[in-house]
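Enquirer:
4 protein chains.
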Amino acid sequence: MSNTKIKAAIAGASGYTGSELARLLMQHPDVEISMITSETHEGKPFSALHPQFFGRLDMPLVSAGEVAGSDVDVIFLALPHGVSMEFAEKWAGHRAPLIDFSGDFRLGSPKTYAQWYKKEHTFAAGLETAVYGLPEIHAAAIRNARLVANPGCYPTASILALAPLVAKDLIITDTIIIDAKSGLTGAGISANATTHFSNVNDNFKAYGVTSHRHTIEIEEQCAHLCGNAVTVQFTPHLLPVDRGILATVYARPRSGIGQAEIEKLYRNYYSDQPFVRIRDENPSLKDVRGSNFCDIKPIVDTRTNRVIVLSAIDNLVKGAAGQAVQNMNIMFGRPQETGLMQIPLQP
Amino acid sequence: MSNTKIKAAIAGASGYTGSELARLLMQHPDVEISMITSETHEGKPFSALHPQFFGRLDMPLVSAGEVAGSDVDVIFLALPHGVSMEFAEKWAGHRAPLIDFSGDFRLGSPKTYAQWYKKEHTFAAGLETAVYGLPEIHAAAIRNARLVANPGCYPTASILALAPLVAKDLIITDTIIIDAKSGLTGAGISANATTHFSNVNDNFKAYGVTSHRHTIEIEEQCAHLCGNAVTVQFTPHLLPVDRGILATVYARPRSGIGQAEIEKLYRNYYSDQPFVRIRDENPSLKDVRGSNFCDIKPIVDTRTNRVIVLSAIDNLVKGAAGQAVQNMNIMFGRPQETGLMQIPLQP
Amino acid sequence: MSNTKIKAAIAGASGYTGSELARLLMQHPDVEISMITSETHEGKPFSALHPQFFGRLDMPLVSAGEVAGSDVDVIFLALPHGVSMEFAEKWAGHRAPLIDFSGDFRLGSPKTYAQWYKKEHTFAAGLETAVYGLPEIHAAAIRNARLVANPGCYPTASILALAPLVAKDLIITDTIIIDAKSGLTGAGISANATTHFSNVNDNFKAYGVTSHRHTIEIEEQCAHLCGNAVTVQFTPHLLPVDRGILATVYARPRSGIGQAEIEKLYRNYYSDQPFVRIRDENPSLKDVRGSNFCDIKPIVDTRTNRVIVLSAIDNLVKGAAGQAVQNMNIMFGRPQETGLMQIPLQP
Amino acid sequence: MSNTKIKAAIAGASGYTGSELARLLMQHPDVEISMITSETHEGKPFSALHPQFFGRLDMPLVSAGEVAGSDVDVIFLALPHGVSMEFAEKWAGHRAPLIDFSGDFRLGSPKTYAQWYKKEHTFAAGLETAVYGLPEIHAAAIRNARLVANPGCYPTASILALAPLVAKDLIITDTIIIDAKSGLTGAGISANATTHFSNVNDNFKAYGVTSHRHTIEIEEQCAHLCGNAVTVQFTPHLLPVDRGILATVYARPRSGIGQAEIEKLYRNYYSDQPFVRIRDENPSLKDVRGSNFCDIKPIVDTRTNRVIVLSAIDNLVKGAAGQAVQNMNIMFGRPQETGLMQIPLQP
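Residue numbers (this note's numbering), protein chains in the order written: chain A, 1 to 347; chain B, 1001 to 1347; chain C, 2001 to 2347; chain D, 3001 to 3347.
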């Protein structure tokens, strides 16, 4: 019945995660989008910023100030880090839970945050109570969360690749190397030298080597899984594609493990998870494009005594907006997959 | 209720239009896919051919021979031309109507077919009764059709661009030039020099100049609209993109027409059509990608005394599988847009 | 001998045409690059802006003020229009001739310039004496020019496609339609929404319909060729490729012309031109990439009574820097092809 | 003087390495291409296969049988492995030295060859005397070689990235992981599912994990450098670009090493090598595209106690045809860089 729909507010209309969230919520049977905010574009129709919505979602953008007094049921914050914690603090008293896309509430302490994000955290109480929104690992906590920190895109692909091995203490964690490759939307909608077509097209390079902020997020979640501090090597690269992350993860097993054994481990670990697909073939970006799936293939190399795990997601869906909807489903007592089971767009 | 679902058969599993049709039918609330046929891959799961369906549509492929005795409600033929007319003839007596993706039933006569397709038509009775499945023009006939000839991708974009002007007799038809550009999926899934990545990527060229088969399809439909024979110049080009067609259409108006007037003409002509969007901005491929929309912008150039119409579709959706579902909706008394209103995947 | 080398100054280091010119001059046997100017990046090595030159062209950028007192033999202006005419005026008294990449000196009168470029021309004397630098048509005048207006990229492809037909008065000029498609480098190195990767990749659209500035440039040069005013329809589109322009040109012949006849016409017209290649196959962008070639294929469509000419260039080479070097060769008495005969980079 | 030109035969005209070699030899001041062979296309002009050469290299292709009796000075074999060893044996008695592009002569023994290439080696004597053609390491042996095994593309990027560390025994070799990404031309010119545009465009995936043949080639060359057996982890991936390889190489240092120290090591090691550029910025594919450069950046991560080396080449130039020309230069007493110093094509 339409009067039981979940009324959603999207704070932050201009970026890719905001528009992707709107796309997914439009096809969710139990949600209506109540308001979308933008300070820069207030008053314009949403479709003026994202013309693919023309004729389908032309509602005018409103100021973020409208959110506090509204009767929305859930608030998605698709805002830059730093900005997000300001609004999260403002809206902490609203009856609606918050699902935050930024990096502001993902880490364990204000100190760690300051160290990796190079700015002070201004809402420590929020950071303390926030739940890390990776449903495959934290579903129980997400269910009752008031503030969900939606994971980063690289961490989603990386942690799902590592979780079975780390949780069962099967690898030597300081041998973990994550060589990750991302589509350009991960760099955002802003126009700059990094996002200029001719710097990306037919090109490829590494960036943020040794220092990317998602490193600590992966390390903290791995530590949560195994109970010990974990250090990982994380190297991101920029692909000439719009969407998708492929993480190639390497580690040394503590003791011998066979191919059949590792496959069984992964299938069991994720047996109840609708979005993790353990593949026989190598995952590819297009096999998950536009979808909330995470395709994983674990491989044992007996010659080198290593495990290699390949993991693919759409950074805008499972790495952002889709995962946020998955979290919302859990928080509102829906089956996780509600509104999220579309087939990937391929080719 | 699930027992009222339309049971669909898809004949021809290996190509892009077959897999795209499966994607769309999977998200249609009133359809279940009963069988998918393939002679080459009989027995394999559908997802073995199209791994994006892994875990979602793993049903085994069956021989086309299974269709005749089945209780399916609708049969989609996603087969090559020439092959399609054979099967259409075989299944002509089945109670289920046929929706054919090939070029076999789109033209007015076996003679014209032989002339442009360089082969004899073997099922003239089918050709005679087939309805051209462009719902924006032939909805009434489609409703009761037993055999729908789903239009070509270029004709869909071109005819929708031209229809208001041609139907109202506002242009001199022998001045019509259609300069069209298509994504690579229009060339099919077969591996050959044309579809080799390094011949397409960062490249662009024309093909089929003066002789492409879609020319006659456009001419016949324009003739239907205005009541006179029409000759058009049609030039296709190959874009380094997966999906999408942009047609840039030129014509000389019979008499002066203004920008406001042409826009009003288009908005009125398509006012009841859920999938045609008259745009203020120039259409782009990504604004319709993965969707059944056709975005159109008509422009008057008073300096040169010409009208220019820009028209964009996704060749696999509005140009093939989506249009087929739209036709099915009409034939089964559903609202045209049922299961087809997803937001385009952008970026 | 090195003391006979032509000493070249490049004014404007930051854009694509500046770097492409440097690339071509580096492989020219008779040229040495004496100075490259940039106000924004003065003092930085050239390779800091264009890292492909690292270790090969690290000379520090100097202020444009250095040009006037220098002993350079030729000055290339790779500057934006508007800026270019200021510097051209300043350097008009230098003994070195000027080759200008901007649109400032291509048109017939200050009035026309003001009309299409929306700004007053401030160096009318320059405009009056400038020679339009399309060597296939104006070689004699270029030889003695003090100021060469290097043609626009679209006009180069379009005029070379049209010249034989227009010069021989074989087509009805008001039926000329140029449907042109360009790579992204034509939009420049600036980061903005137009050049953002995710707006271009896997996408395609028209822009500047009815109003692009290159229209008048093409019209004036066609008028020069046939002796009468010419109006053309010119529609540019943006391709998801780095380099290249393909122009698809349509026109109605004055009287019947055959395929053999038109091919002979083109081969004869360009028989002495080293860079125009009359092709049997349809030209493609990659067949000319990185080279100074213009590949052309003329086609007669007897069914529609039209001629169609396909024309492909690399917009940064024959459409800019390569043509400038070709002009320089002519001005300095070298064979046109000196330093310019590299094979296109394909794939 | 033209009568001192090196007369070159290219055996194998149809692939990318053959055409790239022709491109490079065309701009070499001291070489003339005497013959190009092809069994499949005998009699056709070379430019019919590679139209970018139209008007520049239209010589008819001849049978490989023509090579034996010819007076060519050098024979390049751009043939598939397996085929190459047959012809190398046939031409072993020709006075001209052979430069082979295949994998047939790169490994240490027929046994290792059989193990990784899954076929018997039929010309063991050739394998024994062949010199591994990586000039930065084996220049002295190349100088007098009768048969040069031109290195694989991945090994070129990988070995140059590792050589300074391995040669100086600074890393624990069994911690070496090479995560490599290649453009599509590495997969060859054959049309198949792997090279179909829509499987590659906007996509990315790993292949040949744990089993790629280039693994053993890297291991043997590293063993040569350090004097001990070396095992490496090598994982190739397929990029949606035409050209280029980026290798991201990880290893654990034997003892502490600083950033300044590692940079100095690399600069010293390659101080006399014209094609290796030690970069301050991260290398990118386009910064080397079309050129013979190998751009390298070594990085120390003190947090994780690892070294990371980024290495970029054009797989068709430094990874194939360019390196072959470099070898030829050495064998014929020319400076290594003769004819090879063109600026990369960027963008």
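We put the CB at the ideal spot given by N, CA and C, even for glycine.
Go ahead and pull the three-state DSSP assignment for residue 174 (chain A).
Expert: Residue 174 (chain A): strand per DSSP, three-state reduction.
Enquirer: Quick one: Cα of residue 2155 (chain C) to Cα of residue 3301 (chain D), how far?
Expert: Straight-line Cα distance between these residues: approximately 52 Å.
Enquirer: So which residues on chain C does residue 1193 (chain B) lean against when the C-beta distance must stay under 9 Å?
Expert: None at all; the shortest Cβ gap to chain C is about 12 Å.
Enquirer: What beta strand (DSSP E) runs, 3 residues minimum, are completely inside the region 161-206 of chain A?
Expert: The region 161-206 of chain A contains these whole beta strand (DSSP E) runs: 171-182.
Enquirer: Can you confirm whether residue 3197 (chain D), when its beta carbon is compared against all beta carbons of chain B, has any partner nearer than 7 Å?
Expert: Yes, residue 3197 (chain D) counts as interfacial toward chain B.
Enquirer: If I measure Cβ to Cβ from residue 1184 (chain B) and keep anything under 8 Å in the same chain, skipping five residues before and after, which residues do I get?
Expert: Within the same chain, residue 1184 (chain B) has close Cβ partners 1195, 1200, 1238, 1239, 1240, 1241, 1242.
Enquirer: From which residue to which residue does the beta strand (DSSP E) around residue 32 (chain A) run?
Expert: It spans 31-37 - the beta strand (DSSP E) in which residue 32 (chain A) sits, taken as one unbroken run.
Enquirer: Should residue 286 (chain A) be flagged as near chain D, meaning a C-beta pair shorter than 7 Å?
Expert: With 7 Å as the cut-off, residue 286 (chain A) counts as an interface residue toward chain D.
Enquirer: Nearest-angstrom Cα distance between residue 1146 (chain B) and residue 1119 (chain B)?
Expert: Roughly 24 Å between the two C-alpha positions.
Enquirer: Measuring straight from C-alpha to C-alpha, what distance separates residue 2117 (chain C) and residue 2127 (chain C)?
Expert: So the alpha carbons of these two residues sit roughly 14 Å apart.
Enquirer: Can you pull the chain A neighbours of residue 2201 (chain C), defined as C-beta to C-beta under 9 Å?
Expert: Under the 9 Å cutoff, chain A gives 184, 197, 200, 201, 240, 241, 242.
Enquirer: By the criterion of Cβ-Cβ separation under 8 Å, what are the contact partners of residue 2303 (chain C) in chain B?
Expert: The contacting residues are 1210, 1231.
Enquirer: Which residue wins for smallest C-alpha separation from residue 2280 (chain C), given the options C:2290, C:2286, C:2266?
Expert: Considering only alpha carbons, the answer is C:2266.
Enquirer: So what's residue 21 (chain A) in DSSP terms, helix, strand or just coil?
Expert: In the structure shown, residue 21 (chain A) sits in a helix (DSSP, three-state: H, G or I).
Enquirer: To the nearest angstrom, report how far apart residue 3065 (chain D) and residue 3081 (chain D) are at their CA atoms.
Expert: Near 18 Å, if we compare the C-alpha coordinates of residue 3081 (chain D) and residue 3065 (chain D).
Enquirer: Any beta carbon of chain C sitting closer than 7 Å to that of residue 1118 (chain B)?
Expert: Not an interface residue.
Enquirer: DSSP three-state label for residue 1143 (chain B), please.
Expert: DSSP places residue 1143 (chain B) in helix when its eight states are reduced to three.
Enquirer: For residue 373 (chain A), which residues does DSSP report across the bridge?
Expert: Not covered by the structure: residue 373 (chain A). The range shown for chain A is 1 to 347.
Enquirer: Would residue 1318 (chain B) be called buried (16 or more neighbouring beta carbons within 10 Å of its own) or exposed?
Expert: Answer is buried; the Cβ neighbour count reaches 16.
Enquirer: Could you tell me how far apart the beta carbons of residue 2011 (chain C) and residue 2061 (chain C) are, in whole angstroms, since I believe they sit closer than 8 Å?
Expert: Not quite, the Cβ-Cβ distance comes to about 11 Å (not below 8 Å), so this is no contact.
Enquirer: Would residue 2312 (chain C) pass as a contact of residue 2285 (chain C) if the rule is Cβ separation under 7 Å?
Expert: Cβ distance < 7 Å, so residue 2312 (chain C) and residue 2285 (chain C) count as in contact.
Enquirer: Let me check understanding here. Comparing Cα to Cα, which of D:3015, D:3103, D:3023, D:3132 lies closest to residue 3322 (chain D)?
Expert: That would be D:3023, whose Cα lies nearest to the Cα of residue 3322 (chain D).
Enquirer: Anything in chain D within Cβ reach of residue 2277 (chain C), meaning under 8 Å, just list it in chain order.
Expert: Those within 8 Å of residue 2277 (chain C) in chain D are 3054, 3055.
Enquirer: In the DSSP assignment, find the beta strand (DSSP E) that holds residue 2251 (chain C) and state where it starts and stops.
Expert: It spans 2245-2253 - the beta strand (DSSP E) in which residue 2251 (chain C) sits, taken as one unbroken run.
Enquirer: Using C-beta distances below 7 Å, list every residue in its chain close to residue 3001 (chain D), excluding the 5 sequence neighbours before and after it, in chain order.
Expert: The predicted position of residue 3001 (chain D) is uncertain, since its pLDDT is 40 and thus under 50; a value taken from the coordinates is nonetheless stated next. Counting only Cβ-Cβ distances below 7 Å, and skipping sequence neighbours, we find nothing.
Enquirer: Following the continuous beta strand (DSSP E) through residue 2297 (chain C), name the residue where it begins and the one where it ends.
Expert: Residue 2297 (chain C) -> beta strand (DSSP E) spans 2294-2301.
Enquirer: Does the beta carbon of residue 1205 (chain B) come closer than 7 Å to any beta carbon on chain C?
Expert: Interface residue, yes.
Enquirer: Helix, strand or coil: which one does DSSP assign to residue 130 (chain A)?
Expert: If DSSP states are grouped into helix, strand and coil, residue 130 (chain A) belongs with coil.
Enquirer: Checking the sheet assignment: what are the DSSP bridge partners for residue 1355 (chain B)?
Expert: Residue 1355 (chain B) is absent from the model: chain B starts at 1001 and stops at 1347.
Enquirer: Can you give me the start and stop residues for the beta strand (DSSP E) that residue 3238 (chain D) sits inside?
Expert: Its beta strand (DSSP E) spans residues 3233-3238.
Enquirer: Specify the secondary structure class of residue 2340 (chain C) as computed by DSSP and reduced to three states.
Expert: Of the three classes helix, strand and coil, the one that applies to residue 2340 (chain C) here is coil, per DSSP.
Enquirer: Would you call the region 2200-2217 of chain C in contact with the region 243-258 of chain A, where contact means no fewer than 3 C-beta pairs closer than 8 Å?
Expert: Because the criterion of three Cβ pairs below 8 Å is not met, the region 2200-2217 of chain C and the region 243-258 of chain A do not touch.
Enquirer: Checking contacts by CB at 7 Å: is residue 3023 (chain D) closer than that to chain C?
Expert: Answer yes: the Cβ-Cβ gap between residue 3023 (chain D) and chain C drops below 7 Å somewhere.
Enquirer: Any beta-carbon of chain D closer than 7 Å to the one on residue 315 (chain A)?
Expert: Judged by the 7 Å Cβ criterion, residue 315 (chain A) is not in contact with chain D.
Enquirer: Just verifying my parser: in three-state terms, what is the DSSP assignment at residue 3001 (chain D)?
Expert: Here residue 3001 (chain D) scores only 40 on pLDDT, less than 50, and its place in the model should not be relied on; the value that follows carries that caveat. Coil.
Enquirer: Let me check understanding here. Comparing Cα to Cα, which of C:2079, C:2245, C:2037, C:2304 lies closest to residue 2189 (chain C)?
Expert: Of C:2079, C:2245, C:2037, C:2304, the residue nearest in Cα terms is C:2079.
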